[in-house]
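Visitor: So that we are looking at the same thing, I have put the structure below in C-alpha cells.
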Amino acid sequence: MKTSITSQSNNIKSRTFSKAKVIIYKISAIAFWILIWEALALRIGSELILASPVSVAKTLFGMIGRGELWKPVWFSLARIFTGFAAALVLGSAAAVVSSRVRAVKILLSPITSVIKSTPVASFIILAIIWFGSRNLNAFISFLMGFPIVYLNILSGIESVSRELLEMSEVYGMNLRKKLTYVYLPQLMPFVTSACSVALGLCWKSGVASEVIGISVGSIGERLYESKLYFMTSELLAWTVVIIVISTVIEKLVLAALGAASRAPSRRFSMGNLSRYPAASDIDAAAGGITISDLHKSFGEESVLKGVSIAVAPGEHVALMGQSGAGKTTLSRIILGLETQDSGNVELTGQGKIGAVFQEDRLIGGLNSIGNIVAAGGSASSAYSLLQDFRFTDELIFKPCAELSGGEKRRVAIARALICGGGILIFDEPFKGIDDETLSEAVLPKVKELSDSKTLLLITHSRAEAEELCSRTEKMEE
Numbered sequence: 001m002k003t004s005i006t007s008q009s010n011n012i013k014s015r016t017f018s019k020a021k022v023i024i025y026k027i028s029a030i031a032f033w034i035l036i037w038e039a040l041a042l043r044i045g046s047e048l049i050l051a052s053p054v055s056v057a058k059t060l061f062g063m064i065g066r067g068e069l070w071k072p073v074w075f076s077l078a079r080i081f082t083g084f085a086a087a088l089v090l091g092s093a094a095a096v097v098s099s100r101v102r103a104v105k106i107l108l109s110p111i112t113s114v115i116k117s118t119p120v121a122s123f124i125i126l127a128i129i130w131f132g133s134r135n136l137n138a139f140i141s142f143l144m145g146f147p148i149v150y151l152n153i154l155s156g157i158e159s160v161s162r163e164l165l166e167m168s169e170v171y172g173m174n175l176r177k178k179l180t181y182v183y184l185p186q187l188m189p190f191v192t193s194a195c196s197v198a199l200g201l202c203w204k205s206g207v208a209s210e211v212i213g214i215s216v217g218s219i220g221e222r223l224y225e226s227k228l229y230f231m232t233s234e235l236l237a238w239t240v241v242i243i244v245i246s247t248v249i250e251k252l253v254l255a256a257l258g259a260a261s262r263a264p265s266r267r268f269s270m271g272n273l274s275r276y277p278a279a280s281d282i283d284a285a286a287g288g289i290t291i292s293d294l295h296k297s298f299g300e301e302s303v304l305k306g307v308s309i310a311v312a313p314g315e316h317v318a319l320m321g322q323s324g325a326g327k328t329t330l331s332r333i334i335l336g337l338e339t340q341d342s343g344n345v346e347l348t349g350q351g352k353i354g355a356v357f358q359e360d361r362l363i364g365g366l367n368s369i370g371n372i373v374a375a376g377g378s379a380s381s382a383y384s385l386l387q388d389f390r391f392t393d394e395l396i397f398k399p400c401a402e403l404s405g406g407e408k409r410r411v412a413i414a415r416a417l418i419c420g421g422g423i424l425i426f427d428e429p430f431k432g433i434d435d436e437t438l439s440e441a442v443l444p445k446v447k448e449l450s451d452s453k454t455l456l457l458i459t460h461s462r463a464e465a466e467e468l469c470s471r472t473e474k475m476e477e
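Just so it is clear: in the sequence shown, position 458 is 458 by the UniProt record's numbering, and no numbers are missing.
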C-alpha cells in the first residue's frame with residue numbers, strides 16, 4: 001500500500017512538472033512574438049500603420065480606466081454566447097433525433113452542407129436584409145455553430161459501442177444510468193471537439209457580423225470606428241480583447257466539460273463507498289432454461305439447427321463444441337440480444353441474468369466498483385469479492401481501461417456474480433486469467449457464489465466444465 005501511495009505521489013509530481021514546463025513554453029512563445037511585433041513597429045516607425053505593443057497596452061488600460069471597455073464586451077459576449085448556447089442545445093437535440101429517425105438526418109444533410117460551404121458574409125448580408133442588425137450577432141453565431149455541433153454529436157452517437165449498449169440492456173440499466181455511464185463518456189470527446197471549434201467560430205463570425213452590420217453598442221462597432229478614423233492602436237487593443245475573451249470562454253467551457261466527464265468516475269472512490277447501499281440480486285432464486293427446437297440463420301448460413309436443451313433450476317451445465325457451432329449465438333438469444341427464426345426459449349426465476357460476454361464489456365472510464373454498481377450491484381459486495389479475486393486497492397480503484405486482460409475478466413465475472421439473478425450465462429469467462437489465480441481464487445469463489453444459481457457455461461476447457469458443472473451438452477456444426 002505504501003509503494004502504491006509513493007508511486008501515485010511521484011506520478012502527480014511528474015504531471016505537475018510537465019504542466020509547468022508547457023506553461024513556461026507557451027509564455028515564452030507569446031513573449032517571442034510580442035518582441036517581433038515591437039521590432040516591426042520600430043522598423044516601420046508609424047503608429048498609423050502598426051502601433052507598438054506598448055502603445056496598444058496604454059490604449060487598452062486607458063479604455064479600462066475610462067470605463068469604455070465593459071459595456072461593448074458585455075453586449076457582444078451575451079449575444080454571441082446566447083447564439084452558441086442555442087447551437088449547442090438545438091444541434092445536440094437534432095443529432096439525437098437524426099440518430100433515431102433517418103428521414104430527419106436526410107433532410108438536415110443539405111442544410112448543414114450549405115451552411116458550411118457558404119461564406120459567412122453572405123449570411124450576414126442576408127440577415128441584415130431580413131431583420132436588420134438587431135441581435136444579428138446572436139443569429140450568425142447560432143448559424144455558424146449549429147452544423148459543427150450537430151455533425152460532431154451525431155458522429156459521436158453513431159459511434160457509441162453497441163457492446164456496451166447490449167450490456168446495459170442485459171443488466172437492466174435505466175435511462176439515467178445509460179446516459180451517465182454509457183453514452184456521455186463516449187460522447188464527451190465529440191462534445192469537447194464541437195465546443196472547441198464552434199466557440200471560436202461563433203465568436204469570430206459574431207464580431208464580423210457586428211462590423212458589417214454596425215451593431216450599436218458592440219465590439220464590432222468599435223472596430224469599425226477604429227478603422228474609419230485610422231485609430232490603429234485602438235483597433236489592435238480591441239483585437240487583443242477579442243482574443244483574450246475568446247480564449248478565456250473556451251477554457252472555461254472546456255474545463256466545465258472536463259469536470260463533467262470526470263464526475264462519474266469520482267463517485268466510486270474509496271471515500272464514497274459508504275454512499276452506495278447493498279442492493280444486489282446475489283440471493284435470487286435459481287431459474288430454469290428450456291430451449292426447444294431452436295433455429296437461427298444469418299443470411300444463407302444456418303447457425304442453429306433444431307437445438308433443444310433443458311437446464312433445471314440450480315443445475316450447472318457446460319456447453320461445449322467447436323468454434324462456429326453457434327454457442328455464442330445461443331447465449332445471445334437467451335439474453336434477448338438476438339431473435340430466433342423459430343423455436344422457443346423459456347426462462348423461469350427472478351432477477352436479471354448475470355452475463356459474462358466473450359468480450360469484457362466494461363466501461364473503461366469507471367473503476368471496477370463503478371462498473372459493478374452501474375450494473376446494479378452493491379459497492380461493499382463488489383469490494384469484498386474483488387479482494388477475494390486478488391485485487392489490491394490500487395487495482396480496484398484504477399480505471400478499467402488501464403487493467404490487463406485477465407484483470408478485466410475478473411471484473412466481468414464479479415459483475416455477473418453480484419448483479420445477476422437466478423441465472424448465470426458465462427461465455428468463455430476465464431480466458432486470460434493466469435492458472436494460479438484461476439485455480440486458487442476465481443474458480444472456488446465462482447463455485448461458491450453460483451451454487452444456488454443456474455449456470456450455463458460456454459467453454460472449450462473440459463477441466464473448467466468438470467470443475468463447475470454437473471453435466472455437459474455438446475453442440476455440433
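C-beta: ideal position from N, C-alpha, C; glycine also. Since this is a predicted model, take the numbers as computed values, not measurements.
Quick one: give me the first and last residue of the alpha helix (DSSP H) that Ser292 is part of.
Guide: Where Ser292 is concerned, there is no enclosing alpha helix (DSSP H), although the beta strand (DSSP E) it sits in stretches over Ile289 to Phe298.
Visitor: Beta strand (DSSP E) containing Leu456: first to last residue?
Guide: Per DSSP, Leu456 belongs to the beta strand (DSSP E) from Thr454 to Ile458.
Visitor: Any idea what DSSP makes of Pro185, helix, strand or coil?
Guide: Three-state DSSP puts Pro185 in a helix.
Visitor: Is DSSP giving Ala318 helix, strand or coil here?
Guide: Three-state DSSP puts Ala318 in a strand.
Visitor: Label Ser7 either buried or exposed according to how many other C-beta atoms from any shown protein chain fall within 10 Å of its C-beta, with 16 as the threshold for buried.
Guide: Confidence at Ser7 is low in this model, with a pLDDT of 48, below 50, so the placement of that residue should be treated as unreliable; the coordinate-derived value is given next. By the 10 Å Cβ count, Ser7 comes out exposed.
Visitor: Do you know offhand how far Gly156's Cα is from Gly91's?
Guide: In a straight line, the C-alpha of Gly156 is about 13 Å away from that of Gly91.
Visitor: What residue range is occupied by the uninterrupted alpha helix (DSSP H) comprising Met144?
Guide: Here the alpha helix (DSSP H) through Met144 covers Leu136 to Glu158.
Visitor: According to DSSP, which residues form a beta bridge with Phe426?
Guide: Phe426 pairs with Val356 and Leu457.
Visitor: Short check: CB of Val311 to CB of Thr180, under 8 Å?
Guide: In this structure, Thr180 does not lie closer than 8 Å to Val311 by Cβ.
Visitor: Return the CA-CA distance between Arg361 and Val373, expressed in angstroms with no decimal places.
Guide: If you take the alpha carbons of Arg361 and Val373, they lie about 14 Å apart.
Visitor: Exposed or buried, which one is Tyr229 when buried takes at least 16 other CB atoms within 10 Å?
Guide: By the neighbour-count rule (16 or more Cβ atoms within 10 Å), Tyr229 is not buried but exposed.
Visitor: Which two residues bound the contiguous beta strand (DSSP E) that contains Leu304?
Guide: Taken as a continuous stretch (DSSP letters only), the beta strand (DSSP E) holding Leu304 covers Glu301 to Val311.
Visitor: Reducing DSSP to helix, strand and coil, say where Lys21 ends up.
Guide: Of the three classes helix, strand and coil, the one that applies to Lys21 here is helix, per DSSP.
Visitor: Going straight from the alpha carbon of Ile418 to that of Lys327, what length do you get?
Guide: For Ile418 and Lys327, the distance between alpha carbons rounds to 24 Å.
Visitor: Nearest by alpha-carbon distance to Lys431: which of Phe75, Arg410 and Glu163 is it?
Guide: The option with the nearest alpha carbon to Lys431 is Arg410.
Visitor: Given that a residue counts as buried once 16 or more other Cβ atoms are within 10 Å of its Cβ, and exposed if not, what is Trp238?
Guide: With 16 or more other Cβ atoms within 10 Å, it is buried.
Visitor: Select from Gln350, Phe397, Lys352 and Asp388 the residue whose C-alpha is nearest the C-alpha of Asn367.
Guide: Closest option to Asn367, Cα to Cα, is Phe397.
Visitor: Among the residues of its own chain, which have a CB less than 7 Å from the CB of Phe84, if the five just before and after it don't count?
Guide: Ser141, Gly145, Ala198, Leu199 and Cys202.
Visitor: Among Ile369, Ser378 and Leu424, which residue has its Cα nearest to the Cα of Glu407?
Guide: Nearest option by C-alpha distance: Ile369.
Visitor: Provide the residue span of the alpha helix (DSSP H) that contains Ser342, from first to last.
Guide: That residue, Ser342, is in no alpha helix (DSSP H); its beta strand (DSSP E) goes Ser342 to Leu347.
Visitor: In its own chain, which residues sit with a C-beta less than 6 Å from the C-beta of Gln186, not counting the 5 before and 5 after it?
Guide: Taken in chain order, the residues that qualify are Val160.
Visitor: Which of helix, strand or coil does DSSP assign to Thr232?
Guide: DSSP places Thr232 in helix when its eight states are reduced to three.
Visitor: Quick one: Cα of Ile282 to Cα of Ala375, how far?
Guide: Caution is warranted here: a pLDDT of 49 is assigned to Ile282, below 50, making its placement in the model unreliable, and the coordinate value is therefore given only provisionally. Cα to Cα, Ile282 sits roughly 13 Å from Ala375.
Visitor: For Asn367, which three-state DSSP category applies?
Guide: Looking at Asn367 - three-state DSSP - the assignment turns out to be strand.
Visitor: Would you call Asp427 buried or exposed, if buried means 16 or more other Cβ atoms sit within 10 Å of its Cβ?
Guide: It counts as buried.
Visitor: Expressed to the nearest angstrom, what Euclidean distance is found between the alpha-carbon atoms of Met475 and Thr348?
Guide: About 23 Å.
Visitor: Looking at the structure shown, is Ser4 part of a helix, part of a strand, or coil, going by DSSP?
Guide: Here Ser4 scores only 45 on pLDDT, less than 50, and its place in the model is too uncertain to base an answer on.
Visitor: DSSP state of Ala475, grouped into three classes?
Guide: Looking at the sequence shown, residue 475 is not Ala but Met. The answer is strand: DSSP assigns Met475 an E or B state.
Visitor: To the nearest whole angstrom, what separates the beta carbons of Ile245 and Leu77, a pair I think is in contact under 8 Å?
Guide: At roughly 6 Å, the Cβ-Cβ gap stays under 8 Å, so Ile245 and Leu77 are in contact.
Visitor: Whole angstroms is fine: what's the gap from Pro110's alpha carbon to Leu424's?
Guide: One C-alpha to the other measures close to 49 Å.
Visitor: Three-state secondary structure (DSSP) at Pro399?
Guide: Strand at Pro399.
Visitor: What is the rounded straight-line gap between the Cα of Glu440 and the Cα of Ile27?
Guide: Straight-line Cα distance between these residues: approximately 56 Å.
Visitor: Can you tell me whether Gln387 is helix, strand or coil according to DSSP?
Guide: Gln387 falls in the helix class under three-state DSSP.
Visitor: Quick one: what does DSSP say Asp435 is sitting in, helix, strand or coil?
Guide: Asp435 falls in the helix class under three-state DSSP.
Visitor: Pop quiz: Glu473 and Val317 are said to be a contact at Cβ under 8 Å. What is the actual Cβ separation, rounded to whole angstroms?
Guide: The pair is a contact, with the Cβ atoms about 6 Å apart (cut-off 8 Å).
Visitor: Measure from the alpha carbon of Thr437 to the alpha carbon of each residue in Ala138, Ala465, Leu386 and Val96, then state which is nearest.
Guide: It is Leu386.
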